[in-house]
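Written out below as structure tokens is the structure these notes cover.
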Amino acid sequence: MSSVEQNLVEGNEGYAYLFKQGDLALPPSQKYAVVTCMDARIDPAAAFHIPLGAAHVIRNAGGSVRDAFRSLVISQQLLGTTEVLVVKHTGCGMLIFDDAVAKDLVRKNKGDAAAREVENLDFLTFPDVEDKVRDDVAWLKGKAVEQGIRVTGWVYDVKTGRVKKVV
Ligand SMILES: [Zn+2]
Numbered sequence: 002m003s004s005v006e007q008n009l010v011e012g013n014e015g016y017a018y019l020f021k022q023g024d025l026a027l028p029p030s031q032k033y034a035v036v037t038c039m040d041a042r043i044d045p046a047a048a049f050h051i052p053l054g055a056a057h058v059i060r061n062a063g064g065s066v067r068d069a070f071r072s073l074v075i076s077q078q079l080l081g082t083t084e085v086l087v088v089k090h091t092g093c094g095m096l097i098f099d100d101a102v103a104k105d106l107v108r109k110n111k112g113d114a115a116a117r118e119v120e121n122l123d124f125l126t127f128p129d130v131e132d133k134v135r136d137d138v139a140w141l142k143g144k145a146v147e148q149g150i151r152v153t154g155w156v157y158d159v160k161t162g163r164v165k166k167v168v
């Protein structure tokens, strides 16, 4: 077992021992979804005050709504959420590379077959966090399937732990 697996098994034992919320409903009780970055410095439940069972938290590199779209449609159409918080953050890794850099890295590290697997991939990088929050919110609001859904955009500061509304 790797040390990561060991951490899971041992940490989970303590968690399960104290766990008392096994009767929560499947649909999120507060009927909203959060789209945020996979950045390891963000603890959405704590930082965004999300009790267990209250909201869907959809995470990916950069907190992209394009990447999260499939999950958002499921969240809304099958599980009844009616509001989306898009939360990007300061110091995001998506600010420091672009598609060409990522594709070159894959070719160098993994070879041509691997490079072909990602040649059509849009890594959805961006040069400015607040601009990208506005762009993501506008993109989502432009979808017919999102009509009637409230969408707002935010930036979380990884240095202070504070969120700021952008749009
Ligand atoms: Zn990020």
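2 is the number of the first residue of the sequence shown in our numbering; add one for each residue after it.
For each residue, glycine too, the CB sits at the ideal point set by N, CA and C.
- Cβ shell of residue 62 (< 8 Å), same chain only, five flanking positions each side left out: The residue labelled residue 62 in the question sits at position 61 within the sequence shown. Taken in chain order, the residues that qualify are 38, 39, 68, 94, 95, 124 and 125.
- Task: Going by CA-CA distance only, name the one from 87, 59 and 88 that's closest to residue 75.
- Result: The residue you call residue 75 lines up with position 74 of the sequence shown. Nearest C-alpha to residue 75: 59.
- Query: Mind checking whether the beta-carbon of residue 63 lies closer than 7 Å to any heavy atom of ligand 1?
  - Reply: For the purposes of this step, residue 63 is taken as the residue at position 62 of the sequence shown. Yes.
- Item | Range of the contiguous alpha helix (DSSP H) that encloses residue 75 | Here residue 75 refers to the residue found at position 74 of the sequence shown. Taken as a continuous stretch (DSSP letters only), the alpha helix (DSSP H) holding residue 75 covers 66 to 78.
- Message: Could you give the first and the last residue of the continuous beta strand (DSSP E) run that contains residue 151?
- Response: Counting from one through the sequence shown, the residue named residue 151 turns up at place 150. It spans 151 to 157 - the beta strand (DSSP E) in which residue 151 sits, taken as one unbroken run.
- Item | Sheet register partners of residue 37 (DSSP bridge) | Within the sequence shown, numbered from 1, the residue matching residue 37 stands at position 36. Residue 37 pairs with 60 and 88.
- Name the two residues that bound the continuous beta strand (DSSP E) containing residue 166. Mapped onto the sequence shown, residue 166 falls at position 165. 164 to 166 is the span of the beta strand (DSSP E), which, as asked, contains residue 166.
- Item | Under 5 Å, CB to nearest heavy atom of ligand 1: contacting residues | 38, 40 and 93
- Item | Which listed residue (118, 29 and 155) has its alpha carbon closest to that of residue 91 | In the sequence shown, residue 91 corresponds to position 90, counting from 1. For residue 91, the closest of 118, 29 and 155 by C-alpha to C-alpha distance is 155.
- Cβ shell of residue 162 (< 7 Å), same chain only, five flanking positions each side left out: One-based indexing of the sequence shown puts residue 162 at position 161. These residues qualify, in order along the chain: 48.
- Item | With 16 other Cβ atoms within 10 Å as the buried cut-off, status of residue 65 | On the sequence shown, residue 65 is found 64 positions in, with the first residue counted as 1. Buried, since its Cβ has 16 or more Cβ neighbours within 10 Å.
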